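Data first, discussion second: the structure below is written as structure tokens.
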Amino acid sequence: MDEYRKTASRPSFLIFACGILITILTSLLSSSLPSFGAASAKRIISPPVNKPFDYQLGGSYAPPKGTAIVVRDRKENVAKGLYNICYVNAYQTQPDETVWWKKHHTSLLLKKGPKFVYDTTWNEILLDTSTVSKRYALARIVNSWVDDCARKGFNAVEFDNLDSYSRSQHKLTLGNNSVFAKTITAHAHSLGLAVGQKNTPELKTLGRNYIRFDFVIAEECQRYNECAVYQKVYGLHMLEIEYTDYPTAVYKTACRLNGNKLSIILRDRNLLPKGMPNYIYSTC
Ligand SMILES: *[C@@H]1O[C@H](CO)[C@@H](O)[C@H](O)[C@H]1NC(C)=O
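Per this note's numbering, the sequence shown starts with residue 294, numbered consecutively.
Pasting the structure below:
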């Protein structure tokens with residue numbers, strides 16, 4: 294990560310300098326024209342309701358025909374003409390960035406005694422959201438990623454692993470993660486990006502009313518009987534993914550119950566790119 298930033302230091306300095314100039318000009322303009330600031334306030338638009346979407350976290354590819362919404366990693370580019378959601382792992386380390394975290398921000402990684410606390414399913418270390426100062430330091434990092442999402446033209450962002458506290462061996466609370474979510478969501482909103490809650494039905498209405506999430510991305514909600522909880526909070530502003538490593542009957546039930554009003558897809562667990570042998574994609 295830092296490596297990328299170093300090699301990119303010249304252009305980013307230019308962008309930075311231009312940014313300052315624009316900021317000065319904008320503030321000059323807005324102070325002379327009182328309505329300017331309000332008129333240019335960024336409008337936040339949630340994903341379109343009940344449109345086919347694709348979840349491309351295992352690698353980007355041209356979306357299936359008719360796709361309206363796509364979720365891609367923050368390091369990828371947007372799919373032109375679609376509604377693009379930027380995937381940001383805000384609560385755990387991506388495996389290929391663990392070395393960077395350990396080298397530069399080891400104090401922001403969650404520990405129990407001398408050991409890092411891992412999400413063993415995905416081999417990711419949990420980020421430590423337990424104190425104000427750590428959340429502040431984490432927000433500086435995550436917000437800079439969200440800046441990149443905005444610059445690339447994404448419409449929204451998904452902060453993954455909001456539910457990390459449930460894997461934290463009691464070192465983190467839902468409150469810790471919610472306070473952090475509120476901070477990074479406010480930043481994304483300031484850039485005009487919509488923000489999706491990811492899983493975590495325990496939040497109930499706090500997701501919308503306290504954190505200010507705009508929509509929800511719900512994995513396996515049919516499997517775990519959580520869809521109604523999300524629907525109660527977000528109405529139809531919901532993207533649902535069911536996976537193929539449990540009976541497809543679950544997905545079929547989801548389609549039967551909600552397929553005519555919500556965006557629901559079936560994917561292989563590793564979200565493989567199209568063309569790979571075990572790639573699966575289906576929409577209700
Ligand atoms: C964060 O978690 C710690 C315990 O790990 C707790 O003492 C603290 O009150 C929590 N803060 C919030 C805002 O929930």
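No residue lacks a Cβ here, since even glycine has one placed at the ideal position from N, Cα and C. Predicted, not measured: the structure shown is a model, and the values here were computed from it.
Collapsed DSSP secondary structure at residue i in the structure displayed
i	result
residue 519	coil
residue 457	helix
residue 322	With a pLDDT of 38 at residue 322, under the threshold of 50, the modelled position of that residue is not reliable, and no figure is offered here.
residue 475	helix
residue 532	strand
residue 328	Here the model assigns residue 328 a pLDDT of 36, short of 50, so the residue's position is not dependable and the matter cannot be decided.
residue 379	strand
residue 561	coil
residue 526	helix
residue 405	strand
residue 576	strand
residue 437	helix
residue 390	helix
residue 426	helix
Contact belief for residue i with residue j at Cβ below 8 Å, rounded distance in angstroms
i	j	result
residue 564	residue 541	With a Cβ gap of about 17 Å, residue 564 and residue 541 do not count as contacting.
residue 448	residue 486	7 Å
residue 451	residue 342	Going by Cβ atoms, the distance from residue 451 to residue 342 rounds to 17 Å, so no, they are not a contact pair.
residue 536	residue 519	No, residue 536 and residue 519 are not in contact; Cβ-Cβ is about 14 Å, not under 8 Å.
residue 470	residue 385	That belief does not hold up - the Cβ atoms of residue 470 and residue 385 are roughly 11 Å apart, past 8 Å.
residue 446	residue 377	7 Å
residue 346	residue 532	6 Å
residue 420	residue 401	6 Å
residue 472	residue 497	Their Cβ separation, rounded to whole angstroms, is 16 Å, which puts residue 472 and residue 497 out of contact at 8 Å.
residue 353	residue 508	So it is not a contact: roughly 21 Å between Cβ atoms.
Alpha-carbon spacing of residue i relative to residue j, whole angstroms
i	j	result
residue 544	residue 515	7 Å
residue 479	residue 572	36 Å
residue 505	residue 356	29 Å
residue 393	residue 441	18 Å
residue 584	residue 552	The structure shown does not extend to residue 584, since the chain is modelled only from 294 through 577, so no value can be given for it.
residue 361	residue 374	8 Å
residue 457	residue 568	32 Å
residue 570	residue 539	18 Å
residue 511	residue 337	21 Å
residue 366	residue 387	11 Å
residue 463	residue 403	11 Å
residue 379	residue 364	6 Å
residue 529	residue 548	14 Å
residue 434	residue 389	16 Å
residue 349	residue 495	26 Å
residue 556	residue 412	28 Å
residue 426	residue 432	10 Å
residue 488	residue 481	7 Å
Residues bridged to residue i [DSSP beta-bridge criterion]
i	result
residue 449	378, 487
residue 348	364
residue 411	418
(request) Anything with a beta carbon under 7 Å from a heavy atom of ligand 1 counts; list them all in chain order. (result) Ordered by chain, the residues meeting the criterion of a beta-carbon within less than 7 Å of a non-hydrogen atom of ligand 1 are 423, 464, 465, 466, 468, 469, 472.
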